[in-house]
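2 protein chains.
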Amino acid sequence: MNIKEASQRTGLPSKTIRYYEDIGLVAPQRDTNGYRRFSDKDMHRLGFVGRARALGFSIEECRNLLALYADQTRASAEVKEIAHQHLIEIDRRIAEMTEMRNTLGQLVRCCAGDDRPDCPILESLAGGGAATS
Amino acid sequence: MNIKEASQRTGLPSKTIRYYEDIGLVAPQRDTNGYRRFSDKDMHRLGFVGRARALGFSIEECRNLLALYADQTRASAEVKEIAHQHLIEIDRRIAEMTEMRNTLGQLVRCCAGDDRPDCPILESLAGGGAATS
DNA sequence: GCTTGACCTTCTTGTTACTGGAAGGCCTAT
DNA sequence: ATAGGCCTTCCAGTAACAAGAAGGTCAAGC
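Just so you know, the sequences run in chain order E and Y.
Okay, so the first sequence: first residue is 1 according to my numbering, each after it adds one.
Okay, so the second sequence: first residue is 134 according to my numbering, each after it adds one.
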């Protein structure tokens, strides 16, 4: 099938699919007119990458996971390690954002939000007091 | 003071401070030798931006917040609106990452992590079954 | 006076994972 | 023949810096 249909079936934009070919994640055949032709195998790889990306894996991690998937002699420990590291990173980011959320939420609650200029949000950003720790 | 000291006092890398000057967030004077000289006012702006960035505000949001801070006739409602929108965005991202975390966490727990090739993580990425919800 | 090392400058390039747009070829229907 | 919808490649831009090269400046020590 052509790229449009591949895009529709995988949910990935055509641009993204071309990009994935550029960086070697997928390598569709070409028709005589130069159009990409995607096989079932190509579709499968695209789906794999799409799902891995949706779980937050980087492109390089996707590449590694694809390689492991293709390697029948892999040890599942290796896959688990990649996923586990990624999990730790996600947790770190959630913690970071949660901290932001708490600090900022408190500031927003303290701000009157009226037509007067007094604003604890600006005061805090200006260094006037609490709530960064 | 020179850029190194400004960096140490604000906790921002020198590179970052130069970048902030490039994009007009701060405008230190220059000594006759061309070195940047940071005044207390410059330091204050850098601190402001640093704290705003730590709360996840984008550079453009920082620019707006700085302008509001300088504007004595501002309405706190305007500041609160910016902060509130940002809060919503943070919540969205936390929810997104939490969903990833849950899905991936479950897959990791299901993976034996031994020297055999069988791996539910890869199987799931390959499209073989559950857990993308 | 000279060297050394730490500091400073500007400029260019790279990062991540794409997205947008331009210029042009191909294909089908009318 | 032409219109449209698809396809191609290539170039530029995004966010927020970081890395590094080439070179100027300054204070200390010999």
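Every residue gets a Cβ at the ideal spot worked out from N, C-alpha and C, and that includes glycine.
One Cα belongs to LEU25 (chain E), the other to ARG101 (chain E), and the distance between them is close to 36 Å.
In this structure TYR20 (chain E) is buried. Its beta-carbon is surrounded by 16 or more other beta-carbon atoms within 10 angstroms.
With its beta carbon at least 8 Å from every one in chain E, ALA200 (chain Y) lies outside the interface. The beta carbon of LEU145 (chain Y) sits no closer than 8 Å to any beta carbon of chain E.
Counting C-beta pairs closer than 8 Å gives three or more between the segment 97-112 of chain E and the segment 218-225 of chain Y, which meets the contact rule.
In this model, GLY261 (chain Y) and PHE48 (chain E) are separated by some 10 Å (Cα to Cα). Fewer than three beta-carbon pairs drawn from the segment 71-82 of chain E and the segment 168-185 of chain Y are found closer than 8 Å, and the two stretches are therefore not classed as touching. In the DSSP assignment, GLY183 (chain Y) falls within the alpha helix (DSSP H) that extends over 173-187. Look at ARG226 (chain Y) here: in three-state DSSP terms it is helix. When secondary structure is reduced to three states using DSSP, GLN205 (chain Y) falls in the coil class, being assigned neither helix nor strand. Annotation: ARG37 (chain E) to ARG30 (chain E) spans about 6 Å, alpha carbon to alpha carbon. Here ARG169 (chain Y) is bridged, per DSSP, to Y:ARG163. Spanning the alpha carbons of ARG109 (chain E) and VAL212 (chain Y) requires a straight line of approximately 12 Å. Around the Cβ of THR236 (chain Y), a 10 Å sphere holds 16 or more other Cβ atoms; the residue is buried. Taking 8 Å as the CB threshold, VAL241 (chain Y) lines the interface with chain E.
In the three-state scheme derived from DSSP, where H, G and I count as helix and E and B as strand, ASP248 (chain Y) is classed as coil.
Excluding residues up to 5 positions away in sequence, ALA52, ILE82, HIS86 lie with their Cβ nearer than 8 Å to the Cβ of GLU61 (chain E) in the same chain.
Per DSSP, LEU158 (chain Y) lies in no alpha helix (DSSP H) and is assigned neither H nor E.
ALA6 (chain E) is not a Cβ neighbour of TYR202 (chain Y), given a cutoff of 8 Å.
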